[in-house]
Amino acid sequence: MQDVAVQPVLTGERVPGLAEVVWDNAEQDPEAVQFLRPDPDPRSWPVQRARRGAASLVSCAAFRDDVHALARGFLAAGIEQGDRVALISRTRYEWTLVDYALWAVGAATVPIYDTASGEQIEWILAGSGAVGCVVETAGHAATVAGLRERLPALRVTWQIDAGGLIALAGQGSSVADSEVDARRRRVGGADVATIVYTSGTTGRPKGCVLTHRNIFCDVTAAVSVLPQLLHTGASTVLFLPLAHAFARLIQVGMVQTRATMVHSSDIAGVLDQLRQHRPTFILAVPRVFEKMHNRARQKAEDAHRGWLFTAADQIAVRYSRALDTPRGPGSLLRLAHSLFDALAYRKLRAALGGRCQMAIVGGAPLGERLGHFFRGAGITVLEGYGLTETSPALTANLPDAQRIGTVGRPLPGVRIRVADDGEIQVDGDVVFPGYWNNAEATRATFTDDGWLRTGDLGSLDPDGYLRLTGRKKEIIVTAAGKNLAPAPIEDAVRAHPLISQCMLVGDGRPYVAALVTIDPQAWQRWRTANGRPDATVAQLRDDPQLCADIQTAVDRANRTVSKAEQVKTFRILPRDLTEADGELTPTLKVKREVVAERYAADIDILYRGH
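Everything in the sequence shown is counted per full-length UniProt numbering, starting at 1 for the first residue and increasing by one.
Dropping the structure here:
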């Protein structure tokens, strides 16, 4: 059994509640800019007076005052220590404000994705026993109102866009400041900070209980090894949903280090936000970087300069790989790299604001070639790994200790081992105490000696770098008994700009096949270029030219694996997979069971005659 451990940063000290740092920051550096609020809506929460361009500045002192005012409101509303309060919203300033105000009074936040269905909202509200719910929109409020009869614990709902938080703060004006201070100081490391329900790719979501100590230890470890990213003066535009534990980690890290954060709820307008606010780093899921790469290539092809992008791509990858060799890049490679930096890479960096030299990626494996491409283009993508159950970060590549193709080494305080069957198992202060009101699931997720079973498969190299190879539940076993992890082949197929999603099938079948969807933006270009400007994917999914283009991607992916693992045939689905239709999680992971059931007829076609 392989194992590796890193000494913790914290060794037995009392861990403060997560809100304590808000008061510390206001005392130590009151004027430091903690948040920028682009075009804030004064009906949602009072706008700070200081402005930078079109954005409102929120200093550490102002944030403390906002948190304190809302905390008094929660006390006036009868929120007790240990109560659960749900939060349904896009990523915005008020999300962070509610989080810290609840932590200041010892309550636990229960985040819910703003795209969640009524059934999912009911499951989480009922399961967590939430006594209150903060919603963003009238639509959210109506959904919750329709569920109230089946939610006996739920007492009150506050709507952000209707001024509900302002009214709540006004309600708290009669509460003495000392009451908030007393409640805040009673919060300790063992108290529940949040209950995060898993995305539910395989069945009903389970509520992961995370304590203040879990999150504090994880953030402290991350800050200790990533000072180049998380420090006073650093900035980021956060566009991932804060209901996801990965984004939540960055939120807490930014507050802990007094770095500046811009909330962005408009995914379509993120590039404008990046150009305007020029962050020093960004974080995203791998699909974001895949789309950046594919769209850059497509843009070059539309300008009849596809050859230039291909050459720039190859040089970036070669240059990055050479950085990992003892001699480094040779003189000719350095010259070519400088040339393409002027022609191509600089434009890619400019799209991220011009100051961004690093990015953090998590949620799924990135893929080795993309990692080398972006580093070669001047953007170091630091891949890490973790689970909601681990607060969430477990490992990370570091700027000065990066091994592309792996997810890095364990963070301080994390112990990792790989069991004989290849499963990654972990231990440390970041590991959650269990699932909310689900003792059976909690017992099943821990080994007899107390290690968390991640369900992921991987290996450790001699230097302690972890490489992911797949999920235990996703392993495909063909009729011939061949075991294979689908993710690496799917990533390789998805590298084609025309392809949005790829899902391998073949469990118990004679060979491996794939379901493929077409990227909507790339489709517009393809059908115009092929003289079919009004055709839909559903109409052309058996078109010989379209199938030939997809076959090119499949052939390229097949060259990376053994013959038994190769994709023998594929089926183009009539439309792309979406979160709205329940086929993707909010972090764009494919819900395999849902897709397999919904497209069972298409899967049967792949094996007709066998």
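For every residue, glycine included, the Cβ atom is placed at its ideal position computed from N, Cα and C. Predicted, not measured: the structure shown is a model, and the values here were computed from it.
Chain-order list of residues whose beta-carbon lies under 6 Å from that of residue i (same chain, five-residue window excluded)
| i | result |
| --- | --- |
| residue 464 | 4 and 409 |
| residue 525 | none |
| residue 469 | 457, 458 and 485 |
| residue 245 | 196, 388 and 392 |
| residue 564 | 482 |
| residue 122 | 147 |
| residue 66 | 97 |
Helix, strand or coil at residue i [DSSP, three-state]
| i | result |
| --- | --- |
| residue 188 | strand |
| residue 25 | helix |
| residue 3 | strand |
| residue 160 | helix |
| residue 9 | coil |
| residue 637 | For the chain, the structure presents residues 1 to 610; residue 637 sits outside this window and is missing. |
| residue 122 | helix |
| residue 366 | coil |
| residue 483 | strand |
| residue 520 | helix |
| residue 275 | helix |
| residue 427 | strand |
| residue 537 | helix |
| residue 253 | helix |
| residue 35 | strand |
| residue 215 | helix |
| residue 108 | strand |
| residue 323 | helix |
| residue 598 | helix |
| residue 305 | coil |
| residue 459 | strand |
| residue 432 | coil |
| residue 210 | strand |
| residue 464 | coil |
Closest Cα partner of residue i within the set the options
| i | options | result |
| --- | --- | --- |
| residue 206 | 594, 48, 442 and 530 | 442 |
| residue 262 | 40, 485, 593 and 565 | 40 |
| residue 568 | 583, 576 and 552 | 552 |
| residue 37 | 488, 287, 57 and 466 | 57 |
| residue 379 | 355, 368, 363 and 401 | 355 |
| residue 400 | 387, 375, 390 and 413 | 375 |
| residue 323 | 497, 197, 467 and 377 | 377 |
| residue 289 | 494, 210, 312 and 546 | 494 |
| residue 211 | 490, 527, 461 and 434 | 434 |
| residue 21 | 42, 55, 101 and 51 | 101 |
| residue 450 | 284, 415 and 406 | 415 |
| residue 343 | 313, 282, 269 and 76 | 313 |
| residue 258 | 31, 597 and 550 | 31 |
| residue 27 | 59, 531, 318 and 42 | 59 |
| residue 349 | 413, 381 and 329 | 381 |
| residue 593 | 512, 505, 523 and 549 | 505 |
| residue 318 | 501, 302, 498 and 340 | 340 |
| residue 76 | 227, 143 and 156 | 156 |
Residues of its chain near residue i, where Cβ-Cβ distance is below 7 Å and the 5 sequence neighbours each way are ignored
| i | result |
| --- | --- |
| residue 300 | 306, 308 and 309 |
| residue 479 | 508, 509 and 510 |
| residue 293 | 370 and 373 |
| residue 353 | 274, 275, 277, 278 and 279 |
| residue 62 | 48 |
| residue 94 | 44, 45, 160 and 165 |
| residue 129 | 84 and 153 |
| residue 527 | 533 and 535 |
| residue 602 | 515, 571 and 573 |
| residue 69 | 169 and 172 |
Buried or exposed (CB count within 10 angstroms, at least 16 for buried), residue i
| i | result |
| --- | --- |
| residue 605 | exposed |
| residue 304 | exposed |
| residue 503 | buried |
| residue 1 | exposed |
| residue 477 | exposed |
| residue 186 | exposed |
| residue 55 | buried |
Chain-order list of residues whose beta-carbon lies under 8 Å from that of residue i (same chain, five-residue window excluded)
| i | result |
| --- | --- |
| residue 455 | 423, 471, 472 and 473 |
Per DSSP, the bridge partner or partners of residue i
| i | result |
| --- | --- |
| residue 232 | Paired residue(s): none; residue 232 is not in a bridge. |
| residue 446 | 452 |
| residue 383 | 361 |
| residue 261 | 35 and 236 |
| residue 292 | For residue 292, which the question treats as bridged, DSSP gives no partner whatsoever. |
| residue 56 | 37 and 51 |
| residue 501 | 517 |
| residue 569 | 513 |
| residue 547 | Its beta-bridge partners do not exist; DSSP assigns none. |
Residue i beta carbon near the ligand ZN (any heavy atom closer than 7 Å)
| i | result |
| --- | --- |
| residue 344 | This structure simply doesn't include the ligand ZN, nor any ligand for that matter. |
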